[in-house]
Every structure is written in structure tokens, then in C-alpha cells.
Amino acid sequence: MGSSHLTDPRKKFHTDKFPDQEQNTPALQNEMRPKPDSGEESYKGYNRLEGRNALITGGDSGIGRAAAIAYAREGANVAIQYFPGEEEDANEVKELIEKAGRKALLLPYDLREDGAATEIVTKTVEAFGGLDTLVLNAAQQIANPSLSDLTMKQVHDTFKVNIISMFETVKAAEEHLEPGSAIITTTSVQSFDPSIPLIDYAATKGAISNFTVTLSSYFASKGVRVNGVAPGPIWTPLQLDNGKLEGQIPEFGQNAPLGRAGQPVELAPVYVLLASDEGSYITGQIYGVTGGKPIDL
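1 is the number of the first residue of the sequence shown in full-length UniProt numbering; add one for each residue after it.
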């Protein structure tokens with residue numbers, strides 16, 4: 001007998017092949033087919049982050065957007081950094097944050113630029129009067145068919161956005177993080193099972209996992225928790241901006257044990273847990289949300 005109270009995780013979201021598509025830089029969530037679900041309609045909050053002040057990098061789309069929506073509905077003011085040119089997506093998130101009755105701050109910054117990561121912290125503190133929740137989520141992912149196609153400029157840019165900006169952001173934020181604050185990084189299943197076309201991206205994600213665990217040891221004595229989330233194949237704009245090799249989009253995520261790609265909203269509860277007091281004894285951990293692909297640091 002079936003139960004009407006259960007949902008088959010294999011069928012909860014999009015299960016068919018995706019239409020083959022790509023976008024110019026920067027890719028926008030609004031132009032994706034189908035549009036990802038970041039919880040715009042479905043996420044319900046329970047005041048678990050009441051009074052918090054959060055900064056989320058890459059908060060205009062995908063996983064960062066899902067975290068921003070969830071945080072606002074849980075009671076937090078939310079600042080989102082986004083790459084200039086992604087205003088359409090960012091403005092949608094701002095409206096959703098404000099609709100939840102919280103303050104929103106838009107920060108259009110290119111994290112490849114020196115000082116950008118410091119400025120977003122400074123502006124968040126100025127706007128909200130404090131900072132206690134830091135989600136380091138922004139990333140660059142560009143697939144290459146061979147090593148000869150991988151330029152050193154791409155390598156430098158990927159490392160600057162994905163991991164070096166994390167160092168700068170945390171250094172700028174440290175003086176503002178009081179006991180009870182939380183830092184959450186976005187690493188990847190690529191940290192544990194790297195793909196050849198994503199050699200530079202995977203290397204940065206491995207660095208992020210290591211950074212997260214080490215940083216948690218540093219901050220534990222200060223009462224600040226540090227954890228990471230390792231997504232698997234999640235349907236986000238990152239995939240359409242040269243994030244996959246030609247022809248790979250239709251089959252995206254279908255080799256996961258659950259047989260489909262994940263949606264950004266499926267990660268939101270983990271980001272909320274790791275930021276909230278319900279996660280008070282959780283630090284130095286990497287949480288896999290991978291559709292069944294194993295992670296092992």
C-alpha cells in the first residue's frame with residue numbers, strides 16, 4: 001500500500017532530459033529552461049534566523065538564491081553579492097527578501113578584483129549594523145575538453161573567485177563575527193570525485209573543503225561555527241555558462257543514484273540548519289547534498 005504522506009525523491013522535481021541550451025556570460029536564472037526552483041513559491045520559514053544579518057556571495061541565482069530566500073523567510077536581513085550583469089536575477093531576490101519583511105542589500109562586485117571581497121563585508125556591516133552569518137558561495141565553473149584548452153588566465157580567475165576571495169572575505173569579516181555567528185562555504189562533490197573537464201574548478205573545491213575544516217578549528221575557540229555544503233549536480237545557471245561540455249546539458253544529473261539533477265531549494269534547509277542555533281554543536285563538517293553520490297574528505 002502506498003502512503004499519500006510520502007514523496008518519492010526520484011520524482012519530486014524535473015526528471016526528463018533538459019533542453020540543450022547555453023547562455024552568454026553572465027548566465028541568468030530567468031532564461032533557463034526549465035527555470036530552477038530556488039524556493040520562490042515553496043520555502044516556508046519558521047523564524048530560525050530571527051534578527052540575523054547575513055552576507056551571501058553569488059546570491060542572485062542558484063544555490064545562493066535559495067539560501068537568500070530561505071534566510072529572509074527565517075527572519076534574517078540578507079545582503080547578496082552578484083556578478084555585474086546579473087541585475088535581473090538580483091532584483092528578483094531583493095523583492096523576495098523585502099516581501100518577507102527583511103532588509104535587502106545588493107552588492108554588484110566582481111570577486112576577481114582586489115579589494116572587492118573586503119568591500120562587500122564593509123557595506124553589509126554599514127547597511128545592517130552588523131554581520132553574523134557568512135555564506136561563501138560564489139563560483140566560476142568553465143569546462144574544457146582538454147588541458148591544452150585550459151588557459152592560465154582561466155586558472156587564475158577560477159582560483160580568485162572560488163577560494164582566494166573566501167580568504168579575503170573571512171579576513172574582513174572576522175572582527176564582526178561574535179560568538180554564535182556562522183560561516184558556511186559551498187564546496188562540491190567535485191572536491192571528492194573530480195572530473196577531468198573541470199580540473200581547475202575541482203582543485204578549488206578541494207581547497208575549499210580543506211579551508212573549511214581548518215577554519216573551523218581556528219574559529220571554534222571564538223564561538224564561531226564553520227561548515228561546508230558539497231552539492232552534487234544542481235540545476236543552476238553555472239551549468240549553462242560554459243559549465244558543461246557541448247552536448248552534456250540534456251543528460252545533466254541523470255547519472256546520480258536518484259536519477260535526476262537536484263534543485264537549489266533542496267539545499268536551502270541545510271544552509272539554514274548550519275546557520276541556526278539548531279546547529280549549535282555542528283562545526284568542521286562537510287554536508288553532501290548530491291543525490292546519492294558519496295563524499296569522503
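Beta carbons are placed, not taken as given, at the ideal position from N, Cα and C, and that holds for glycine.
Asked	Found
For Pro-179, which of Arg-52, Glu-22, Pro-36, Leu-238 has the nearest alpha-carbon?	Arg-52
Could you give the distance in angstroms between the alpha-carbon of Ile-97 and the alpha-carbon of Asp-20?	32 Å
If we count the other Cβ atoms within 10 Å of its Cβ and call it buried at 16 or more, is Leu-6 buried or exposed?	exposed
Residue range of the alpha helix (DSSP H) that Ala-182 falls in?	Segment 182 to 186 is the beta strand (DSSP E) holding Ala-182; no alpha helix (DSSP H) there.
If the criterion is Cβ atoms closer than 8 Å, does the pair Ile-286 and Ala-202 meet it?	no
In whole angstroms, what separates the C-alpha of Ser-205 from that of Val-224?	Position check: residue 205 holds Lys in this sequence, whereas Ser was assumed. For Lys-205 and Val-224, the distance between alpha carbons rounds to 22 Å.
Which value, in whole angstroms, describes the spacing of the CA atoms of Gly-85 and Glu-40?	21 Å
With respect to the alpha helix (DSSP H) encompassing Ala-65, which residues constitute its N-terminal and C-terminal limits?	In the sequence as presented, Ala is not what sits at residue 65; that position holds Arg. Per DSSP, Arg-65 belongs to the alpha helix (DSSP H) from 62 to 73.
Which residues share a DSSP beta bridge with Val-78?	Ala-54, Ala-104
Taking 8 Å as the threshold (C-beta atoms), are Ala-117 and Glu-174 in contact?	no
Tell me whether the stretch 107 to 114 and the stretch 29 to 46 touch, counting them as touching only if at least three CB pairs, one residue from each stretch, are closer than 8 Å.	no
Who does Arg-10 pair with in a DSSP beta bridge?	According to DSSP, which records beta bridges pairwise, Arg-10 is partnered with nothing at all.
Ignoring anything shorter than 4 residues, give me the alpha helix (DSSP H) runs that lie fully in the stretch 218 to 293, in order along the chain.	268 to 275
Using 10 angstroms around the beta-carbon of Gly-247, count the other beta-carbons present and answer buried if the total reaches 16, otherwise exposed.	exposed
Are Trp-235 and Gln-254 touching if we call contact CB-CB under 8 Å?	no
Is Arg-73 buried or exposed, if buried means 16 or more other CB atoms sit within 10 Å of its CB?	buried
With DSSP as the reference, please indicate the residues paired to Thr-133 in a beta bridge.	Ala-54, Ala-182
Take Thr-15 and list the residues in its own chain whose beta-carbon comes closer than 8 Å to its own, dropping the five residues that flank it on each side.	Gly-259, Arg-260
Buried or exposed, going by whether 16 or more other CB atoms sit within 10 Å of the CB of Ile-196?	exposed
Report the option in Leu-240, Ile-120, Asn-137 whose CA atom is closest to the CA atom of Ala-143.	Leu-240
To the nearest angstrom, report how far apart Asn-186 and Ile-208 are at their CA atoms.	In the sequence as presented, Asn is not what sits at residue 186; that position holds Thr. Cα to Cα, the separation comes out at about 8 Å.
Here's a check: name, in chain order, each residue in its chain whose Cβ is nearer than 6 Å to the Cβ of Ala-76, leaving out the five neighbours to either side.	Leu-49, Arg-52, Ala-54
I need the boundaries of the alpha helix (DSSP H) containing Tyr-91, first residue and last residue.	Going by the sequence as given, residue 91 is Asn instead of Tyr. Taken as a continuous stretch (DSSP letters only), the alpha helix (DSSP H) holding Asn-91 covers 87 to 99.
Quick check on the burial criterion: 16 or more other C-beta atoms within 10 angstroms. Buried or exposed for Asn-47?	exposed
Just reading off the alpha helix (DSSP H) that Asp-157 is part of, what are its end residues?	152 to 159
Are the CB atoms of Phe-128 and Ile-163 within a distance shorter than 8 Å?	no
What span of residues does the alpha helix (DSSP H) with Phe-167 cover, start to end?	165 to 173
For Lys-17, count neighbouring C-beta atoms within 10 Å of its own C-beta (all shown protein chains included) and say buried if the count is 16 or more, exposed if not.	exposed
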